[in-house]
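Read in order, the letters of the sequence shown are residues 14 to 431 in my numbering. Backbone N, C-alpha and C define an ideal beta-carbon position, used for all residues, glycine too. Everything below concerns the one structure shown next.
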Amino acid sequence: MKAALFMSRPIIASALYACCCVSLAQEPPADAPSVAAPGIVRQAMRPQGIEHCVAIVEGWMVPYEETIPGTGVRFTMIPIPGGTFRMGSPEDEVGRETTEGPQFTVTLPPFWIGRCEVTWGEYRTYMVARELFLGRGEDPRPTPAAVGADAVTAPSVLYDPDAVRARVAADRPATGMSQYAARQYTKWISKLTSRFYRLPSESEWEYACRAGASTPWHSGADAAALSEVAWCADNAQDDTHPVGQKPANAWGLHDMHGNVAEWVIDEVMPDGYRRQAGLHQPITNAEAVQWPTQLESRAIRGGAFYDEPPECRSAARRKSTDGAWNRNDAALPKSPHWFTEDPACGLGFRIVRPFDSPEVSEQGRWWEADIESVRKAVDWQTQIGRAASGLVDKEVRRQLEATFQEHRSQKNSIKLPP
14 MKAALFMSRP IIASALYACC CVSLAQEPPA DAPSVAAPGI VRQAMRPQGI
64 EHCVAIVEGW MVPYEETIPG TGVRFTMIPI PGGTFRMGSP EDEVGRETTE
114 GPQFTVTLPP FWIGRCEVTW GEYRTYMVAR ELFLGRGEDP RPTPAAVGAD
164 AVTAPSVLYD PDAVRARVAA DRPATGMSQY AARQYTKWIS KLTSRFYRLP
214 SESEWEYACR AGASTPWHSG ADAAALSEVA WCADNAQDDT HPVGQKPANA
264 WGLHDMHGNV AEWVIDEVMP DGYRRQAGLH QPITNAEAVQ WPTQLESRAI
314 RGGAFYDEPP ECRSAARRKS TDGAWNRNDA ALPKSPHWFT EDPACGLGFR
364 IVRPFDSPEV SEQGRWWEAD IESVRKAVDW QTQIGRAASG LVDKEVRRQL
414 EATFQEHRSQ KNSIKLPP
């Protein structure tokens, strides 16, 4: 494994502060209706000039742009209508794996999902938290348990990009992180914005990807045409690409096929969806979720830039192999935040905001480490200062804003230590 990297000032400046590259939202028309709360318009008539509206009792769910407080970095969330669909693939679908069945029927409530995959520009705001937490000078350095239930753990410094073949431009998808790190990112964003964000469930992801289609790809059944809507082995030239360049699906989501494969919350079981298919149909999203119980075999969806079209199908599932993906990490225990091997260069995620947030007591299940080996690795990394845990309080928000203001004014960058 190559040594941890002092990122160059030009690279970090691009990743952190080229916010115009991160945001894909269009300017709303001058006569657009006022929004009572982020993502909700409270009126009876369908809002004019806003695409992808979802009718709800209170009015309409609409796309909205979230600005990460204190940073100027933005991302767009798209509303997805509630509905019922058939999950998994039929037995005669070309490229089908046995874990894609048996098919079952699931009913989902409405939710918002990221228009694009989380970019390096967005993810860097979370990586900066390590320095903010360490800057408090606490001795001993607190573990997540010592900080308390509201603690966020910021990751260790990114490995040399050459080690994971990551490309760190602000508008490219962030890659190489573990599921635990992706979950902690959603907690970081939730604490900053006071809105509940999390990883998608596998059912939510496939439903949003299909956007009403039952074909192998949301674009149809022609594998040769996939390159028109996706970055995959046929056209990606063995690299990630800026998010949102390819046409969106029918519900306004980009890069659901290819570019980077995406973490979801579930575990892939050896018998596929046998448990879900055995329940009274249709089942709920809560019944469909297969909560992970081990480090490996966590579900990854959508396929990556290096994958062939069959591996990018709407129903295709990949199992994580965390041990193999961290084989060259010389540290013991191995990093709970980053992978070192090539497959992880095509691994990222996007985020979900449910219409109804769960009770506070239930939110941690979506955010926290769920097995003892990861908890121990996180504790060790925080104790030695490679990672850092802390509260997202007023002081952190103030420091985050000051950090970004300083470096914007200087047109400079943050130097991330090893």
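| Item | Value |
| --- | --- |
| Tell me whether the beta-carbon of proline 82 lies closer than 8 Å to the beta-carbon of arginine 410. | yes |
| Terminal residues of the continuous beta strand (DSSP E) containing aspartate 279? | 274 to 280 |
| Among Gln394, Val67 and Gly285, which residue has its Cα nearest to the Cα of proline 157? | Gln394 |
| Tell me, please, whether the region 78 to 95 touches the region 135 to 146 by the rule of three or more beta-carbon pairs shorter than 8 Å. | yes |
| My parser needs the beta strand (DSSP E) runs of 3 or more residues fully inside the region 141 to 223; what are they? | 165 to 167 |
| Determine, using beta carbons only, whether tryptophan 244 and phenylalanine 318 come nearer to each other than 8 Å. | yes |
| How is proline 367 classed by DSSP in three states: helix, strand or coil? | strand |
| Between which two residues does the beta strand (DSSP E) holding isoleucine 69 run? | 67 to 69 |
| Rank Pro122, Glu408, Ala50 and Glu275 by C-alpha distance to the C-alpha of proline 186 and give the top, closest one. | Glu275 |
| Measuring CB to CB, does valine 387 end up less than 8 Å from leucine 308? | yes |
| Can you tell me whether DSSP reads serine 422 as helix, strand or coil? | helix |
| Drop a sphere of 10 angstroms on the beta-carbon of aspartate 369, count the other beta-carbons inside from all chains shown, and report buried for 16 or more, exposed for fewer. | exposed |
| Spatial neighbours of proline 255 within its chain, please: C-beta separation below 6 Å, excluding the five flanking residues on both sides. | Asp184 and Arg185 |
| Just list the residues that DSSP pairs phenylalanine 117 with in beta bridges. | Met100 |
| Per the DSSP calculation, glutamate 78 is bridged to which residue(s)? | Thr89 |
| Kindly confirm or deny that the region 105 to 112 and the region 152 to 172 touch, where touching means at least three C-beta pairs closer than 8 Å. | no |
| In whole angstroms, what separates the C-alpha of glycine 257 from that of proline 168? | 26 Å |
| Would alanine 312 pass as a contact of proline 346 if the rule is Cβ separation under 8 Å? | no |
| Could you give the first and the last residue of the continuous alpha helix (DSSP H) run that contains lysine 259? | Looking at the DSSP string, lysine 259 is not in any alpha helix (DSSP H), and its letter there is neither H nor E. |
| For the structure I just gave you, are there three or more beta carbon pairs, one from the region 202 to 220 and one from the region 271 to 287, closer than 8 Å? | yes |
| Can you tell me where the alpha helix (DSSP H) holding tryptophan 393 begins and where it ends? | 385 to 397 |
| Is the beta carbon of alanine 328 closer than 8 Å to that of serine 102? | yes |
| Identify the residues that DSSP records as bridge partners of arginine 314: which are they? | Glu275 and Arg330 |
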